[in-house]
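The sequence shown begins at 264 in this note's numbering and counts up one residue at a time. Reviewing the structure listed below.
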Amino acid sequence: MDMSSSSRKVSIPAAALQGSLRDYRAPTGPDLVGRVDGFFEWQDLRRRNEVWPYARSTETAPATFCKVRSDADRSFQGINFASQDYLSLSSHPRIKQAAIEAVERYGVHSAGSAALLGNTANSLELEAKFSDFLGGREVVLYPTGWSAGFASVQGFVRPDDHVVMDVLAHSCLQEGARAATQNIHHFAHLNTGAVIRRLSKIREKFPDAGILVVTESLFSMHSDVPDFAGLREACDTYGATLLIDCAHDLGAMGPGGLGNLGATGMLGAADVLIGSFSKSFASNGGFVSVKTRSAAEYLKYFSATQTFSNALSPVQAAVVATALDIIRSEEGDERRHRLMDNILYLRRTVENTGLRALGVPSPIVPVFVGSEALGRLIARRLPDFGGIANLVEYPAVPKAESRFRFQVMADHTHADVDRVVVALGQALDAARTDLELCVTTDENPLKSPGTAASAAA
Ligand SMILES: Cc1ncc(COP(=O)(O)O)c(C=O)c1O
């Protein structure tokens with residue numbers, strides 16, 4: 264396909280640059296299946312106009328340079344900042360070897376729930392190693408990080424209990440809460456004062472209810488971090504339980520890979536700690552960690568995604584165990600060092616171009632764009648210039664706060680960073696021109712406030 268920017272179609276219907284997934288979340292009418300057609304019409308309009316930058320597939324390993332096929336069957340390649348393999352372990356020779364050995368020994372499947380015969384010597388070894396990593400806490404393994412997050416709330420909370428959660432807590436935690444109780448209280452992102460006020464009110468009215476406070480140790484759309492000590496103190500004052508999801512920073516950040524909690528000496532602050540293996544441990548899978556054997560055993564039989572879902576495969580368990588060995592070794596320190604060096608360099612380079620990197624340094628570098636229309640047009644152009652990064656738009660982030668989420672890897676080089684930031688700048692310029700040229704309806708969504716002008720902060 265000819266991808267020179269001059270050959271690209273710029274006449275894009277306004278509807279492809281407007282609207283969001285939120286518009287299709289609650290379709291109405293008696294035909295449960297048929298009533299969802301509107302979503303496909305809107306999505307396909309976007310797809311046909313190359314402004315649906317989702318559901319892409321890789322045709323090579325998710326390394327720093329990657330071949331990709333779009334959902335509209337367009338093939339491209341470039342510098343990859345869209346994979347969450349922060350420590351670049353997914354093609355590590357030791358990890359590949361561990362996977363091969365596990366296949367040789369077990370075949371490829373665990374063939375059962377962990378509650379029945381799904382555990383293997385590999386998963387038991389991983390449980391023990393992870394427990395040691397977390398300072399002796401109990402660990403329960405789950406087939407995905409999502410199922411671990413869901414289980415960590417659903418497994419403990421009952422209908423008369425209360426969940427007090429950061430409004431931006433991950434979908435798995437939100438859905439776990441919804442499955443468990445109607446008493447869900449969202450607090451403004453990172454607002455510890457709001458948590459204290461809410462806890463005080465709940466405790467006054469419901470002296471005997473369980474209260475679970477839910478947050479993350481690194482928020483993945485904003486790259487920001489809560490006040491762990493303040494939340495711990497609030498939970499102690501009001502007799503609440505603190506749950507922290509460390510999916511994005513465990514392994515990749517902090518001393519010995521213990522994440523932001525390790526870096527602040529607050530690992531023990533979480534009564535319930537959950538995480539995913541899919542960001543830094545080179546595999547699908549996740550865990551819930553608690554402080555007592557009784558709490559762990561309870562989860563094994565009362566959290567649905569543990570009891571009624573097939574266990575982590577022996578290959579995944581071997582991969583995660585080997586990744587953990589590397590994470591805890593000198594090589595792990597060296598990889599985290601390179602990763603942080605790349606993060607800081609990317610943030611600096613982005614800022615030097617006049618764009619804004621949001622949040623604090625972490626493997627996620629959100630680069631602010633603003634309007635959804637401009638974000639979609641940039642996403643369409645970025646591959647032309649050899650850049651790969653994920654667009655995040657409403658409702659994953661607030662309206663008119665679209666951003667590109669750059670996910671940094673240890674194996675990136677400064678040259679990769681330079682090239683991708685240049686590509687982003689070129690795509691932004693091209694998108695601004697597209698935006699001017701776009702033939703749209705009378706009401707041009709591209710000319711609304713907060714578009715091109717707000718991209719450079
Ligand atoms: C904060 C958080 N928790 C849990 C998950 C779920 O993990 P996984 O994708 O490994 O199932 C994710 C992944 O997107 C996440 O960002």
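Note that CB positions come from ideal geometry on N, CA and C, so glycine has one too.
Residue i versus residue j: straight-line alpha-carbon distance, rounded
i	j	result
S602	T616	Ser is not the amino acid found at residue 602; the sequence shown has Leu there. Cα to Cα, L602 sits roughly 21 Å from T616.
G439	L621	28 Å
V402	R610	35 Å
E560	F419	12 Å
E367	R598	29 Å
H677	Y608	7 Å
F339	D679	17 Å
G638	R644	10 Å
T319	L654	The sequence given here has Arg at residue 319, not Thr. If I take the Cα positions, the gap works out to 12 Å.
S566	P406	13 Å
Q281	V630	21 Å
V416	P422	12 Å
L494	T455	6 Å
L284	G399	42 Å
A277	V430	31 Å
A573	A558	For clarity, residue 573 is Asn in the given sequence; the question names Ala instead. Whole-angstrom Cα-Cα distance: 21 Å.
R682	E614	15 Å
P293	F302	17 Å
F540	L513	9 Å
M516	I342	23 Å
Strand pairing of residue i, partner residues [DSSP]
i	result
N343	I651
Y405	G549
M529	Partner(s): none; M529 has no beta bridge.
I537	D508 and V551
K468	BP columns for K468 are empty, so no partner.
F631	R666
F328	I342
A620	V630
F482	D487
Simplified DSSP assignment, three categories, for residue i
i	result
D604	helix
A278	helix
L505	strand
H448	strand
K542	coil
N573	strand
S376	strand
L475	strand
F419	coil
H425	strand
A335	coil
S320	strand
D487	strand
A693	helix
A673	coil
A432	coil
A584	helix
A442	helix
A289	coil
T500	helix
N726	Limits of the chain in this structure are 264 at one end and 720 at the other, which puts residue 726 out of reach.
S592	coil
Expected contact under 8 Å - CB spacing of residue i and residue j to nearest Å
i	j	result
A378	Q569	7 Å
L536	S552	4 Å
W315	A335	7 Å
L436	V477	5 Å
V632	F669	Going by Cβ atoms, the distance from V632 to F669 rounds to 12 Å, so no, they are not a contact pair.
I641	L691	6 Å
F328	F550	Going by Cβ atoms, the distance from F328 to F550 rounds to 31 Å, so no, they are not a contact pair.
P290	V299	6 Å
A365	P658	Not quite, the Cβ-Cβ distance comes to about 39 Å (not below 8 Å), so this is no contact.
L352	A586	5 Å
A472	L505	No, A472 and L505 are not in contact; Cβ-Cβ is about 16 Å, not under 8 Å.
Contacts around residue i, its chain only, beta-carbon distance under 7 Å, and the 5 residues preceding and following it disregarded
i	result
L462	V427, I474, A497, Y501 and A503
V582	I358, A361, A362, A545 and S546
V233	With the chain covering only 264 through 720, there is no way to say anything about residue 233.
L575	S373, S386, L404, P406 and G548
Contacts around residue i, its chain only, beta-carbon distance under 6 Å, and the 5 residues preceding and following it disregarded
i	result
S625	L481 and S486
A279	L308, R309, N312 and V314
I447	V426 and A440
K662	none
I459	A497
L453	P489
F648	A686, Q689 and A690
Residues near residue i by beta carbon distance below 8 Å, same chain, minus five either side
i	result
A584	A361, N385, E388, L389 and K392
K563	A377, A378, V403, Q569 and T570
A324	S353 and S354
L380	A374
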